[in-house]
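Below: the structure, in structure tokens.
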Amino acid sequence: MIDFPNHNRSYDRTRRAVRFWGHDSTIEASFFIDEGALKQIQPGAHATESGFLNAFDCNRDLICATAARKYVRGSRGSYDLLAGDF
């Protein structure tokens, strides 16, 4: 089962997404939630780095729950969360 104890997150300008990490025992997986998904779950979010990070922080529980549903142990190193996932 994946858990999200690390509250660090960062904005990746190249991918236009917020990156965060989950842990399944000793396995670490990277997750990216793109701008479109963040705008969908928080329509009033400012389209800036700080706006997207704030949208992530305000919706962390929903985002982590969605990430946990997408996660498949050992299948890959990173996962993309898109608007259709919410």
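For the sequence shown, this note's numbering assigns the number -15 to the initial residue and increments by one for each residue that follows. Every residue gets a Cβ at the ideal spot worked out from N, C-alpha and C, and that includes glycine.
Range of the contiguous alpha helix (DSSP H) that encloses residue i
| i | result |
| --- | --- |
| Phe40 | 33 to 42 |
| Ile11 | Where Ile11 is concerned, there is no enclosing alpha helix (DSSP H), although the beta strand (DSSP E) it sits in stretches over 11 to 18. |
CA nearest to the CA of residue i, picked from the options
| i | options | result |
| --- | --- | --- |
| Ala39 | Val2, Thr10, Asp69 | Val2 |
| Pro(-11) | Arg53, Val56, Phe4 | Phe4 |
| Ala67 | Asp41, Arg53, Lys23, Val56 | Lys23 |
| Gly26 | Cys42, Ser14, Phe16, Ala13 | For the sequence presented, residue 26 should be read as Gln rather than Gly. Cα-wise, what sits closest to Gln26 is Cys42. |
| Asn(-8) | Arg57, Ile(-14), Gly6, Tyr55 | Gly6 |
Exposed unless 16 or more other CB atoms sit within 10 angstroms - verdict on residue i
| i | result |
| --- | --- |
| Asp45 | exposed |
| Ile11 | exposed |
| Asp18 | buried |
| Gly61 | exposed |
Unbroken beta strand (DSSP E) run spanning residue i, endpoints
| i | result |
| --- | --- |
| Arg3 | 1 to 8 |
| Arg57 | Run containing Arg57: none; DSSP gives neither H nor E here. |
| Asp(-4) | -7 to -4 |
Taking 8 Å as the cut-off, does the region 48 to 57 touch the region 29 to 37 (at least 3 CB pairs, one atom from each stretch)?
No: fewer than three Cβ pairs fall under 8 Å.
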